[in-house]
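Asker: Sharing a structure, written as structure tokens. Questions coming.
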Amino acid sequence: MAQTAWNTLRTYADLTKPRLLPMVLFTGLPVLGMAPLGWPSPGFAVLTLLGIALAAASANTLNAYIERDSDALMERTRTRPLPAGRISPRAALGFGLALGLLSTGLLYVIAGAPAAGLGVASILFYVFVYTIWLKPRSAWNAVIGGAAGAAAPLIADAAVNGSVGPAGLLLFGIVFFWQPPHVWAIALYRKQDYEAAGIPMLPSVIGDEKTRWRVLAYTLGLIPVTLAPVALGLLGPVYGAVAVGANLWFTLSAVRLLRERTDEAARNTFRVSLAFLFSLFLAMNLELLFS
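At position 264 of the sequence shown the residue is numbered 971 (the working numbering), and the sequence of numbers has no breaks.
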């Protein structure tokens with residue numbers, strides 16, 4: 708009985724793509740520390756971040772529901788709960804909608820209508836604009852769809868300030884411009900997987916070489932975006948030093964990707980992209996917590 712209950716809980720948790728949720732929280736947290744009056748109360752911060760996490764979990768679950776057939780065609784996704792038959796589509800849909808309602812209610816009560824509205828908008832954008840419209844039709848899905856994955860700073864800013872200001876917009880911009888090279892690196896070494904599912908990713912549409920050049924271009928474009936919080940006085944030298952080093956590392960990985968033209972180089976760029984974003988937001992959080 709206990710094992711069955713645990714397996715059921717794990718199945719529902721897997722629907723939310725739990726490995727993505729810590730990064731959502733990590734990118735929303737610094738905005739709370741950039742508020743004009745400093746950090747809000749711990750209770751407010753925790754509940755706001757919980758509301759943001761529930762919104763992301765709802766979007767991920769609804770995405771899994773919609774993409775269950777294409778997920779069954781891809782090697783890296785065929786073991787997910789829906790294509791593997793561990794849960795019914797109806798149960799997954801109900802769970803995703805319930806998470807969305809819970810997120811909206813929590814954000815509204817704790818942080819107000821602007822934060823709750825942005826939470827709803829992030830779910831709707833991810834489900835309808837990205838999953839249903841863009842992803843199966845356009846190779847530029849990673850660019851426009853990146854807005855959904857970057858919503859946490861906007862929601863956090865609205866929660867703590869009542870509206871979205873420079874802090875939320877700048878951190879949104881970092882995640883937004885980071886996502887294309889991150890996704891394109893995956894698409895390079897998983898090209899056959901995406902083709903099997905009929906998803907038009909950039910390497911299949913414009914070719915591997917042009918995709919590698921775009922990875923480098925977006926990586927270079929991240930440099931001024933990631934340094935802008937220092938230029939505007941929102942963050943200081945600790946974050947600035949980490950940002951310079953992380954940008955150099957990410958750029959070198961993109962150059963290696965161009966020179967070596969291998970799946971292993973693409974995997975390395977993917978891994979470096981994750982470490983890059985983690986390093987930036989870890990530096991932000993540490994500087995804001997201990998300054």
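Backbone N, C-alpha and C fix where the C-beta goes; we use that ideal spot for every residue, glycine too.
How far does the alpha helix (DSSP H) with E916 in it reach, from first residue to last?
Answerer: Counting along the chain, E916 sits inside the alpha helix (DSSP H) bounded by residues D915 to A938.
Asker: Could you check the C-alpha separation between A855 and F983 for me, to the nearest Å?
Answerer: 19 Å
Asker: Assign P907 to one of three DSSP states: helix, strand, or coil.
Answerer: In this structure, P907 counts as coil in the three-state DSSP scheme.
Asker: Taking buried to mean at least 16 other C-beta atoms within 10 Å of its own C-beta, is G803 buried or exposed?
Answerer: buried
Asker: Ignoring anything shorter than 3 residues or poking outside the stretch 840-906, list the beta strand (DSSP E) runs there in chain order.
Answerer: None, since the stretch 840-906 contains no complete beta strand (DSSP E) of that length.
Asker: Taking buried to mean at least 16 other C-beta atoms within 10 Å of its own C-beta, is T715 buried or exposed?
Answerer: exposed
Asker: Would you tell me roughly how many angstroms separate the C-alpha atoms of A762 and A904, rounded to the nearest one?
Answerer: Taking the straight line from one Cα to the other gives about 27 Å.
Asker: How big is the Cα-Cα spacing for V836 and A857?
Answerer: 14 Å
Asker: What are the boundary residues of the alpha helix (DSSP H) that includes E1000?
Answerer: The first residue shown for the chain is 708 and the last is 998, placing residue 1000 beyond what the model contains.
Asker: Thinking just about the alpha-carbon of each residue, which of P796, P910, L996 and L923 is nearest to the one in L942?
Answerer: L996
Asker: Give the range of the alpha helix (DSSP H) segment to which G745 is assigned.
Answerer: First-last for G745: undefined, no H or E at that position.
Asker: May I ask which residues mark the beginning and end of the alpha helix (DSSP H) holding T723?
Answerer: Where T723 is concerned, there is no enclosing alpha helix (DSSP H), given that its DSSP letter is neither H nor E.
Asker: Is the beta carbon of Y833 less than 9 Å from the beta carbon of A766?
Answerer: yes
Asker: What number of angstroms, rounded off, separates the C-alpha of I881 from the C-alpha of L927?
Answerer: 12 Å
Asker: Assign T734 to one of three DSSP states: helix, strand, or coil.
Answerer: helix
Asker: Would L841 pass as a contact of G852 if the rule is Cβ separation under 9 Å?
Answerer: yes
Asker: Tell me the rounded alpha-carbon separation between K724 and G792.
Answerer: 16 Å
Asker: Starting from the C-beta of P747, find all residues in its chain whose C-beta is less than 7 Å away, skip the five residues before and the five after it, and write them out in chain order.
Answerer: L739 and V867
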